[in-house]
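Trainee:
There are 2 protein chains.
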Amino acid sequence: MNLLLLHPEDWCDDGVAEISGRRYVHAEEVLKLSQRSGECRAGLLNGAVGRGIVESVDAANQRMRLRFVPEQEPPPPLPLILAAALPRPLTLRRVVHAAVTMGVKELWFYQSWKVEKSYWSSPMVAEENLREQIFLALEQSVDTVMPELHFQRRFQTFVQEDLPRMSAGGELLIAHPDPAAVPCPRGLSGKTTLVVGPEGGFTPREVEQLTAAGGTMIGLGPRILRTEVAVPVLISRLFDGVQ
Amino acid sequence: MNLLLLHPEDWCDDGVAEISGRRYVHAEEVLKLSQRSGECRAGLLNGAVGRGIVESVDAANQRMRLRFVPEQEPPPPLPLILAAALPRPLTLRRVVHAAVTMGVKELWFYQSWKVEKSYWSSPMVAEENLREQIFLALEQSVDTVMPELHFQRRFQTFVQEDLPRMSAGGELLIAHPDPAAVPCPRGLSGKTTLVVGPEGGFTPREVEQLTAAGGTMIGLGPRILRTEVAVPVLISRLFDGVQ
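Right, dumping it as structure tokens:
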């Protein structure tokens, strides 16, 4: 935790935030905050980054009260929409974590031919069940701004309706480990939509439809990477000027 | 599995390789290889990439015999030595997987002040117990060449003896999320050693020693990434011209 994220429901009447549970334990055991020397980097959910100053500690009830001092804006978001074929639930968590720590604010997960249907029945396929993972990712990356998550169970709707709408006015790139793909571009700074396929790749018919939607196929060379590695590798390369 | 990796012990007297266990199950269930239509991408451990052609299947004993046809060299290795502070065992596996799929052929894991001592007692801290993970990474990335793994339990020895030796004749970069760090360089192609710190960062004394060893501090901006994300992000950016 590189930032203690304060949520709207933490606020008490006197303008002080009270934390408990996981955040209390972390503040107490890892950050070693106490009443005497209690200060850490903190942030308001969807708001400023600053300092949290301990006002009181109730060790018996595992509660800590902090005053928040705003200091700066959260780091800038990436102008990237990431759409990945739904991976297995554990990979889904890791992809969400990686993308959110890198500043992605709009994520889509969609069905495609080689996505196992059973993945859709995982409890992880729901924004509320990924929320804790998102909070951890924001705390990790010193960010406060919640991303939007979308799930689309129909490839036809995704490619014919969602994709044209989300990529309007920007670039549409399809990561596809194919010899015909162009090398992954670099130095982007404008609005970009990046579509990542399933572990087994797209079918020829899907490639056709993605191309018809205006997508450019991009590749990373002969090595084929797992989704959870490919996503940070692609984002890092596309936005290599963004610090 | 994007490549069926054939090991020296697979070879039978008649110049045919026999696989069983995990690789048999994958070849049979996922690749759906059979005697009638049996062919997949295959590679020799530390050797060529080519095709494996099924000669016979012994379903009762879960064994498959394949003839190997060499076709090309494995993808080029990265000229990178990666040294990471020993992470927790699960992260260690993921970092090894990510680095190996990206083509790293020399990996070091070292002790530093903020590495929990208990991590060293994990059975994962041994090359033989990471070998299966390495095979999976080679099979994923269509590569055949085993990387070298090193573990160094003494930071002093690492920074004073190992690091000068391994980085001689190349660049030494220290990933350190510090405002004084220079932005991560791009477009490298020569010999490079990249040192990644522990989750809690280096101590000021460690930074001093790493700098004294000739290291340049490099950063990725205000966001702090988990080791398993930082490693692919850094490698992707440093070697963005390598496809």
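These protein sequence lines are chains B and V, in that order. Under the working numbering, the letters of the first sequence match residues 1 to 243, in that order. Under the working numbering, the letters of the second sequence match residues 1001 to 1243, in that order. Even glycine gets a Cβ: it sits at the ideal position worked out from N, Cα and C. In this text the structure is predicted, and so the values were computed from the model without any measurement.
I'd like to know if T254 (chain B) contacts chain V, where contact means its C-beta is closer than 9 Å to some C-beta of that chain.
Mentor: Since the first residue shown for chain B is 1 and the last is 243, residue 254 (chain B) is missing from the structure and cannot be characterised.
Trainee: Does H1097 (chain V) come out as helix, strand or coil in the three-state DSSP assignment?
Mentor: Within the second sequence, the letter at position 97 stands for residue 1097 (chain V). Helix at H1097 (chain V).
Trainee: So, is P1179 (chain V) buried or exposed, given that buried needs 16 or more other C-beta atoms within 10 angstroms?
Mentor: Mapped onto the second sequence, residue 1179 (chain V) falls at position 179. When all chains shown are included, P1179 (chain V) counts as exposed.
Trainee: Kindly indicate which three-state DSSP category M1166 (chain V) falls into: helix, strand or coil?
Mentor: For this step, residue 1166 (chain V) is matched to residue 166 along the second sequence. M1166 (chain V): helix per DSSP, three-state reduction.
Trainee: Please name the residue or residues paired with Q133 (chain B) in a DSSP beta bridge.
Mentor: Here residue 133 (chain B) is taken as the residue at index 133 of the first sequence, counted from 1. DSSP output for Q133 (chain B) lists no bridge partner at all.
Trainee: Helix, strand or coil for Q156 (chain B) per DSSP?
Mentor: Against the first sequence, residue 156 (chain B) aligns to sequence position 156. In the structure shown, Q156 (chain B) sits in a helix (DSSP, three-state: H, G or I).
Trainee: Taking D240 (chain B) as the reference, give the member of V:E1018, V:G1201, V:V1054 and V:P1183 with the closest Cα.
Mentor: Position 240 of the first sequence, counted from the start, is the residue given in the question as residue 240 (chain B). Answer by Cα proximity: V:P1183.
Trainee: Any residues in the segment 1123-1150 of chain V with a beta carbon nearer than 8 Å to a beta carbon of chain B? Which ones, in chain order?
Mentor: Per Cβ criterion, the list reads Q1140, S1141, V1142 and D1143.
Trainee: According to the Cβ coordinates, are H1097 (chain V) and R226 (chain B) closer than 9 Å?
Mentor: Along the second sequence, one-based indexing puts residue 1097 (chain V) at 97. Along the first sequence, one-based indexing puts residue 226 (chain B) at 226. Taking 9 Å as the Cβ cut-off, H1097 (chain V) and R226 (chain B) qualify as a contacting pair.
Trainee: Find the nearest neighbour of E28 (chain B) within the set B:P89, B:L78, B:Q152 and B:M1, judged by alpha-carbon distance.
Mentor: Along the first sequence, one-based indexing puts residue 28 (chain B) at 28. Ranking B:P89, B:L78, B:Q152 and B:M1 by Cα distance to E28 (chain B) puts B:M1 first.
Trainee: Which first and last residues belong to the beta strand (DSSP E) in which Y110 (chain B) is found?
Mentor: Here residue 110 (chain B) refers to the residue found at position 110 when the first sequence is read from its first residue. Unbroken beta strand (DSSP E) run through Y110 (chain B): E106 to Y110.
Trainee: Taking S1236 (chain V) and R186 (chain B) to be in contact with their CB atoms under 8 Å, please state how far apart those CB atoms are, rounded to whole angstroms.
Mentor: As a first step, residue 1236 (chain V) must be located in the second sequence, where it is residue number 236. As a first step, residue 186 (chain B) must be located in the first sequence, where it is residue number 186. S1236 (chain V) to R186 (chain B), Cβ: 10 Å. No contact.
Trainee: Mind pulling the chain B residues with CB within less than 9 Å of A1098 (chain V)?
Mentor: Within the second sequence, numbered from 1, the residue matching residue 1098 (chain V) stands at position 98. Neighbours of A1098 (chain V) on chain B, chain order: L225, R226, E228, V229, P232 and V233.
Trainee: Can you find the residues in the same chain that come closer than 6 Å, C-beta to C-beta, to G43 (chain B), ignoring five residues on each side of it along the sequence?
Mentor: For this step, residue 43 (chain B) is matched to residue 43 along the first sequence. Cβ within range, chain order: L3, L5, V49 and T144.
Trainee: Counting C-beta neighbours from all protein chains within 10 Å, is the total for L1090 (chain V) 16 or more, i.e. buried, or is it exposed?
Mentor: On the second sequence, residue 1090 (chain V) is found 90 positions in, with the first residue counted as 1. Exposed.
Trainee: From the DSSP output, in three-state form, read off S56 (chain B) for me.
Mentor: Counting from 1 along the first sequence, the entry for residue 56 (chain B) is found at position 56. In this structure, S56 (chain B) counts as strand in the three-state DSSP scheme.
Trainee: Between S34 (chain B) and chain V, is the shortest Cβ-Cβ distance under 9 Å, so that the two count as touching?
Mentor: Here the question's residue 34 (chain B) lines up with position 34 in the first sequence. Chain V, which has no Cβ nearer than 9 Å to the Cβ of S34 (chain B), makes this no.
Trainee: Could you list which residues in chain B have their beta carbon closer than 8 Å to that of P1075 (chain V), in chain order?
Mentor: As a working note, residue 1075 (chain V) is residue 75 in the second sequence. Within 8 Å Cβ-Cβ: G221, P222 and R223.
Trainee: Is R51 (chain B) closer than 9 Å to W113 (chain B) when the C-beta atoms are compared?
Mentor: Here residue 113 (chain B) refers to the residue found at position 113 when the first sequence is read from its first residue. Here residue 51 (chain B) refers to the residue found at position 51 when the first sequence is read from its first residue. Taking 9 Å as the Cβ cut-off, W113 (chain B) and R51 (chain B) do not qualify as a contacting pair.
Trainee: With a Cβ-Cβ cutoff of 9 Å, do L1086 (chain V) and V1115 (chain V) count as a contact?
Mentor: For the purposes of this step, residue 1086 (chain V) is identified with residue 86 of the second sequence, where counting begins at 1. For the purposes of this step, residue 1115 (chain V) is identified with residue 115 of the second sequence, where counting begins at 1. Yes. Within cutoff.
Trainee: Should Q1072 (chain V) be labelled buried (16 or more other beta-carbon atoms within 10 Å of its own) or exposed?
Mentor: Counted from its first residue, the second sequence places residue 1072 (chain V) at position 72. Q1072 (chain V) comes out exposed.
Trainee: Quick one: what does DSSP say T1144 (chain V) is sitting in, helix, strand or coil?
Mentor: Working through the second sequence from its first residue, we reach residue 1144 (chain V) at position 144. Of the three classes helix, strand and coil, the one that applies to T1144 (chain V) here is coil, per DSSP.
Trainee: If we cut at 9 Å on Cβ distances, does G1103 (chain V) have a partner in chain B?
Mentor: In the second sequence, residue 1103 (chain V) corresponds to position 103, counting from 1. Taking Cβ atoms only, chain B reaches closer than 9 Å to G1103 (chain V), which makes this a yes.
Trainee: What's the C-alpha gap between E171 (chain B) and G1214 (chain V)?
Mentor: Position 171 of the first sequence, counting from 1, holds the residue named residue 171 (chain B). Position 214 of the second sequence, counting from 1, holds the residue named residue 1214 (chain V). Using only the alpha carbons, I get a separation of about 41 Å.
Trainee: Drop a sphere of 10 angstroms on the beta-carbon of E1208 (chain V), count the other beta-carbons inside from all chains shown, and report buried for 16 or more, exposed for fewer.
Mentor: The residue labelled residue 1208 (chain V) in the question sits at position 208 within the second sequence. Exposed.
Trainee: Is T1216 (chain V) helix, strand or coil when you go by DSSP?
Mentor: One-based indexing of the second sequence puts residue 1216 (chain V) at position 216. DSSP places T1216 (chain V) in strand when its eight states are reduced to three.
Trainee: Roughly how many whole angstroms lie between the Cα atoms of G1169 (chain V) and M1146 (chain V)?
Mentor: Stepping through the second sequence from its first residue, residue 1169 (chain V) is reached at position 169. Stepping through the second sequence from its first residue, residue 1146 (chain V) is reached at position 146. The alpha-carbon atoms of G1169 (chain V) and M1146 (chain V) are separated by roughly 23 Å.
Trainee: So, are the CB atoms of I81 (chain B) and M166 (chain B) less than 9 Å apart?
Mentor: Along the first sequence, one-based indexing puts residue 81 (chain B) at 81. Along the first sequence, one-based indexing puts residue 166 (chain B) at 166. Their beta carbons are under 9 Å apart, which means I81 (chain B) touches M166 (chain B) by this criterion.
Trainee: For R41 (chain B), write down the residues that DSSP places opposite it in a beta bridge.
Mentor: Locating residue 41 (chain B) in the first sequence gives position 41, counting from the first residue. Note: R41 (chain B) sits in a beta bridge opposite B:R51.
Trainee: Does R94 (chain B) come within less than 9 Å of chain V when only Cβ atoms are used?
Mentor: Here the question's residue 94 (chain B) lines up with position 94 in the first sequence. Taking Cβ atoms only, chain V reaches closer than 9 Å to R94 (chain B), which makes this a yes.
Trainee: Should V1083 (chain V) and F1155 (chain V) be called a contact, given that it needs their Cβ atoms to be closer than 9 Å?
Mentor: Taking the first residue of the second sequence as position 1, residue 1083 (chain V) is located at position 83. Taking the first residue of the second sequence as position 1, residue 1155 (chain V) is located at position 155. Sequence check: residue 1083 (chain V) is Ala here, not Val. No, the pair does not count as a contact, with Cβ atoms beyond the cut-off.
Trainee: Would you kindly check if the distance between the Cβ of Y119 (chain B) and the Cβ of D162 (chain B) is under 9 Å?
Mentor: As a position in the first sequence, residue 162 (chain B) is number 162, starting the count at 1. As a position in the first sequence, residue 119 (chain B) is number 119, starting the count at 1. No.
Trainee: Quick one: does V1242 (chain V) have its CB under 9 Å from some CB of chain B?
Mentor: Here residue 1242 (chain V) refers to the residue found at position 242 of the second sequence. V1242 (chain V) counts as touching chain B.
Trainee: Under 9 Å, Cβ to Cβ, is there at least one residue of chain V near S236 (chain B)?
Mentor: Along the first sequence, read from residue 1 onward, the residue named residue 236 (chain B) stands at position 236. Output row for S236 (chain B): interface = yes.
Trainee: Does DSSP put R1223 (chain V) in a helix, a strand or coil?
Mentor: Within the second sequence, the letter at position 223 stands for residue 1223 (chain V). Reduced to three states, the DSSP call for R1223 (chain V) is coil.
Trainee: Starting from the Cα of V1021 (chain V), find the closest Cα among V:E1132, V:G1190 and V:R1094 and give me that residue.
Mentor: Working through the second sequence from its first residue, we reach residue 1021 (chain V) at position 21. Sequence check: residue 1021 (chain V) is Gly here, not Val. G1021 (chain V) has its Cα closest to that of V:E1132, out of V:E1132, V:G1190 and V:R1094.
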